[in-house]
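Chains as they are written, first to last, in this note's numbering: chain H, 1 to 331; chain C, 332 to 623; chain D, 624 to 940; chain Y, 941 to 1269. Don't be surprised by glycine CBs; every beta carbon is placed ideally from N, CA and C. Treat the numbers as computed from the prediction; the structure is a model and nothing was measured. For reference, the structure discussed in these notes is given below.
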Amino acid sequence: MNPTPESSDSVLLQVRDLKKYFPVRGGWFRGVQQQLKAVDGISFALHSGRTLGLVGESGCGKSTLGRALLNLHPPTAGDVLLDGLPLAGLSRQALFARRRDMQIIFQDPFASLSPRRTVAQIVREPLDVHRLGTQRERRRRVEELLGVVGLRSNALNRYPHEFSGGQRQRIGIARALALKPRFIVADEPVSALDVSVQSQVLNLIGKLQAELGIAFLFISHDLAVIRHISDEVAVMYLGKFVEHAPAEKIFAAPKHPYTKALLSSIPVPDPANKSPRMVLEGDVPSPMNPPAGCPFHPRCPIATERCRIEVPALRESQTDSEHVVGCYLAT
Amino acid sequence: MSARADTVGAHGDSLWSKAFRKFRHDRVGMWSLAVVLAYAIVALGVVLGVWATDWAEVSGPKWSPASVEYWFGTNIIGQDIFARSLYSTRTAFEVGLLVALGATALGALLGAIAGFFSGTWIDELIIWVMGVLDSVPFILLVAAIAYTLQGSPWAMHIAMISTFWIGTARLIRGEVIKLKSLEYVEAAQAIGVNRLMIIFRHILPNTFHILLVQATLSFVAAIKSEVILSFLGLGVKDGMSWGLMISESTFEVLAGFFNNFLAASVLMFGLVMAFNMFSDALQDALDPRTVK
Amino acid sequence: MEVLQYIVRKLIAGIPLVLGVTLISFVLIVYFGPDKTYELLGKNPTAEEIAEIRSQLGYDQPFTTRYLDYLREVIRLEFGNSESTDEKVSSILARTIPTSLALAIPGFILGNLLGVMLALVAAYFRGYWIDKFIMGFAAVGMSISFLIAIIGFQILLSSSDGLDLLPVRGWDTSTPLQYIRYVTVPTLATVFVALGYNTRFYRAVIVEEMTRDHVRTARAFGVPPAQLFYRNILKNSMIPIVTRIMFSIPVIVISGSLLLESYFGIPGVGKVTYDAIVTGDQPILKAVVVLTAVLFVVAQLLADICYRIVDPRVSLK
Amino acid sequence: MAAGTNKPLLSVRDLVVEFETDQGVLRAVDGVSFDIHAGETLGLVGESGCGKTVTGLSILGLVPSPPGRIVSGRILLEGSDLAGMDEVGLRKIRGSKVSMIFQEPMTALNPVFRIGNQMRDVLQRHQGLTRLQAHSAAIEILAKVGIPEPAVRVEDYPHQLSGGMRQRVMIAMALSCGPKLLVADEPTTALDVTTQAQVLEQIVRLQQEFGMAMLLVTHDLGVVAETCRHAVVMYCGRIVESSSIDELFARPRHPYTTGLLASIPRATEERGDELPVIPGMVPDLLHLPRGCAFADRCPKAHERCRQSVPHLDLLQSTRTSVACYEPNA
């Protein structure tokens, strides 16, 4: 059921049937509430030091999933186990201690750093909050961290607005690394950056993973970026995984029709490439009001009667046990 | 942005110092600040007893015109209008500062709490209190508080604070709701910073620019309200104020004596106008959209 | 039908507000308010007489009982008679509200209309001298106290030191001409002061709207300036404008007129309220406070309905 | 530039656009020149802040002013200079001869009017149609851009449509008066991948059907590769390279273009270890270096590059122009 070949003892993060619903209130004095099912029953396991690339279009719930894993949005149901220990039901202190193991990097390099604090204060804060080391050790650690992410130490007493987007992203990464986490959620960390800067930050993340053995959940809407950075890839549509497989397999032989469409939709920076394109009809339905049956069926070119009624469960592909797909018609 | 970080010195350029530099280049802002400071010195002199100590003495003839001895003339019972104007400056600063500080502090606190707990009963409660206080006519509230405090001279201040905080609280509430969904607050949560620290270290400091401007606006509003309340007999109880001078003058102007009216209204206009312009310049200098 | 349902729901939602206002007014005006015992007693009352009067007035009851009694009166709209004139409070209000409206409406309309117009001009020429001139004028208006404006216009138009054209004080609506003679000075003072704040507010709203993407789109399709201002800018700034106008209604009916009416001796609600404050006339104060709260709820309702009219994105749900 | 001896439809010459800022005058576009022939698509590529959007806005006189203004240069549309034209003249051209579509479909339409109303307005103004004629013309063009049930949708307000649908409405509006040139500023950047594919395909199809020219402003080299025949690369307000698409991707001549192409991760490639990068970052437009703006990041830069700005010259025996003293072979 899991697309990773290693034995299960190196499993760092185990997610079981995770759900995150947001109540949508009608207004004052109106008890009738609708549920927005942002994350609707997701299971996977992530091994130490590996990167799971998570792709999907806007509103598919990929950012919510990342935040639910870290308990920033407490999950509605399901389990998240870190080292086999569940995060749900932990006391405040216990959860606080577990935060050292898991951190997050954000998309917006402008919103992710407090504008009135210096770089040193920002990067130091995790050390201060968790009371790690003496004052001197903390200061040394901050300098070391800036070096790791490729910033000069004269950045210490500067403010975020004095840096470019790419540099700010590095500061955010340094803050996430301060506690030596073993798992990092990277939520679209390069989407707001220009192409030439994007590659610098991608290389930095790749380097950190190789050298520090951190496991990543790398969220992006950009398939090319995902392919570059990921060991395995999960495709999300309306709160559910529709396909999950090792990266090379999903790119070489996608099985779900949505993955196929997604892959063929990317504009390729190569004028010689004239492969035919599979263009989907219509738009992603609103997660407030998802279609019955397979969530993808209204846009699916091969949907059958059964797809309109039943929700397909994720299952191993007939040809490959590492390749999981949620479609009746996939082989 | 961009390469600038490599060209400046080792010490960073905070948003405050940027705003300060920008303000210094604002001519109108600097002039209005100078005027406000001049008024403040006058007020301080009164407090320290340097001048206007004889504001209550009956020393001259009735309605004497401006002269070397009585710069602004005298009032109906022969008191020196100039001394009374100076003394009123002190009253204006006392009312303005107290109300501005009280209303801004209360507005910041309740606004931040409401915003941080938006969507919960705490927020609903604070919104309800704001709505209720907004719906009670201001002058009635002053009168009612005056009754309740049995004619205390602070009734006016308390009444002003208890209504002026609402505007600030609404603004801060909105700003906090915006800020708390920003990623740097989520980053603090991910680190494990507790809620109180998040409010006071990460959210409130980023609303200071709003609070500063709101404080100047409350100051002006307090001075202007004092005039009307004093005229209606609900304001300054003992001492002297521009409002009391103007209400004294309402009979005089119909008799053709304008000294009291002109002295109080021109002095008050000068301070309020300078403060309004100072407030504008401050807002420009602190605007996060222009300070990048 | 949907609209009706909406109105009912909104009015129900306004109940907590009215309750809160009654609570505050009860606490401040009645519970901690002036003690009427000795006014009603002769000289040298005995302890029994005092106790009897106090129990007649309900002063010996616990807080909640007294508040609930107060609330019952409010719900039944039984405000009783004025303590100073013994006239029924409802008939006092019925007599004085039209006067207050006649006094306030011209200034209210002119202040907002001129405010929007000046703001449009200033926003269109933003950065040029005409903008600076208008905004300078607004800053002056904002810096002058209402009372000073009133006295200033009175000196200018009504005194022998000025033009001496209009009556000094008082009120007469027997003929349109008389009405205009009496309403002019208060209106000028109101407009002068309100214009400062209104122009600034409306200009900020309009400038904000001018920077929106859809304005650029309209320009990219050759929309001429007049149409751009009407269709893209004014129509889209209606929500803040409507909010400001609607929520100033309760204020101008009661508080705004208080100073004008007591200064000029105009027999409106403001004057009645002021006299009630001075004499501690509780039935009138009670009625005025509740009336204002109800007006706020109604203003909120009207504003919401207006939002629906000016902006299709707002739904009445 | 392009084949044929006929005169270009649009010819931009030495365009300079400046913005007044608190810290001084910022030159956003510095001496940009290019031609577009009838029916041709030109890609204008570059990273944020390179001046590509400002160039696009200049064509229709839409540079926000103040603080911006066109300092010099000519924008010749069929011989008449748009840069020197007054508002009244420009208004006749906007939306009729030249149309523009923008990046943000969510905010680009007026939220308080029905889309039919907004489309009719354009048709009535430029084509002199009656209300009724304009209404049916609007429905017709909505059908053409692939909006299902156009007769129903025409009565919708913008907020009732999805992002992709709104962008189609924008395209429909832009095409409604049969423009000769469409300026498309990042038309698909704000859309999801699958929607982007739909809209892009639609634009290309309609462009051929209407026979109009297009200036496609984008940061996405993939989009350029799939839609344009010719592209211009901008860096810090200047054009650094102008070339046919095939040439540009096969043999980029400017070191910046080379670096840019190398640094894009590609979905068609295996998982790579390190992407080639362009070191450093884009310089501040307020403090540009004296010579070539790219010199500090360029592996081939030498003294001359830091002293003077290289001109955009046509390379011998090619149709590629490049602004570099050391172009790649």
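- With fewer than 16 other CB atoms across the displayed protein chains lying within 10 angstroms of its CB, C/F351 is exposed.
- One thing to note: D/F649 has its Cβ within 9 Å of the Cβ of D/Y693.
- Excluding residues up to 5 positions away in sequence, F354, D357, V359, G360 and S363 lie with their Cβ nearer than 7 Å to the Cβ of C/A612 in the same chain.
- Counting only runs of 3+ residues, no beta strand (DSSP E) is found wholly inside the region 422-487 of chain C.
- When DSSP assignments are scanned along the region 18-75 of chain H, the uninterrupted stretches of alpha helix (DSSP H) that are 4 or more residues long and fall wholly within it turn out to be 62-69.
- For C/L513, the chain H residues whose Cβ falls inside 7 Å of its Cβ are A111, in order along the chain.
- For Y/M1174, not one C-beta of chain H is nearer than 9 Å to its own C-beta.
- In terms of Cβ geometry, H/I302 and H/P257 form a close pair [threshold 9 Å].
- Closest by C-alpha distance to D/G891, out of D/E832, D/A827 and D/V806, is D/V806.
- For H/Q200, the chain Y residues whose C-beta falls within less than 7 Å of its own C-beta are V1217, listed in chain order.
- With respect to the C-alpha of Y/P1088, the residue from H/G282, H/S58 and H/C327 having the closest C-alpha is H/G282.
- The C-beta of H/R227 has 16 or more other C-beta atoms within 10 Å across all chains shown, which makes the residue buried.
- Within the same chain, A745 and F748 come within 6 Å of D/D754 by CB-CB distance, once the 5 residues on both sides are set aside.
- For Y/I976, the uninterrupted beta strand (DSSP E) segment begins and ends at G964 to I976.
- Within the same chain, and ignoring the five residues on either side of Y/G1019 in sequence, no residue has its Cβ closer than 7 Å to its Cβ.
- Here the alpha carbon of D/G793 sits roughly 28 Å from the alpha carbon of D/G703.
- Within the model, the alpha-carbon separation for D/I715 versus C/R526 is close to 54 Å.
- At a cut-off of 9 Å between C-beta atoms, C/G450 does not count as an interface residue with respect to chain D.
- Assigned with DSSP and collapsed to three states, Y/L984 falls in strand.
- Taking CB atoms only, C/A521 has a neighbour in chain H less than 9 Å away.
- For C/Q520, the number of other beta carbons within 10 angstroms of its own is at least 16, and it is reported as buried.
- Residue burial annotation: Y/L1072 is exposed, with fewer than 16 other C-beta atoms found within 10 angstroms of its C-beta.
- Distance from the CA of C/W485 to the CA of C/G427, rounded to the nearest whole angstrom, comes to 13 Å.
- Sequence-ordered contacts of the region 1010-1034 of chain Y with chain D read R1031, K1032 and R1034 [C-beta pairs closer than 7 Å].
- By the criterion of a C-beta distance shorter than 8 Å, H/R138 is surrounded in its chain by R124, L127, D128 and L132, once the five residues flanking it on both sides are discounted.
- Partner residues in the beta bridge of H/K240, as assigned by DSSP, are H/Y237.
- When DSSP reads this structure, Y/E960 sits in a beta bridge with Y/V965.
- The residues V1085, G1086, R1108 and I1111, in chain order, have a CB closer than 8 Å to that of Y/Q1142 in the same chain once the five nearest residues on each side in sequence are set aside.
- H/F110 sits in coil when the DSSP states are folded into three classes, being neither helix nor strand.
- Inclusion of Y/A978 and Y/G1118 in the CB contact set at 9 Å is not warranted, their separation being larger than that value.
- Residue-level contact check: C/M361 does not touch chain D, since none of the beta carbons of chain D fall below 9 Å from its beta carbon.
- Distance from the CA atom of H/T319 to the CA atom of H/T331, rounded to whole angstroms, is 7 Å.
- Chain-order list of chain H residues neighbouring Y/G1068: empty, with the shortest C-beta distance near 35 Å, by a criterion of under 8 Å.
- Rounded to whole angstroms, the gap between the alpha carbons of H/L87 and H/D101 is 12 Å.
- At least one CB of chain H lies nearer than 9 Å to the CB of Y/I1204.
- Using beta-carbon distances, C/Y478 counts as an interface residue toward chain D, with a partner under 9 Å.
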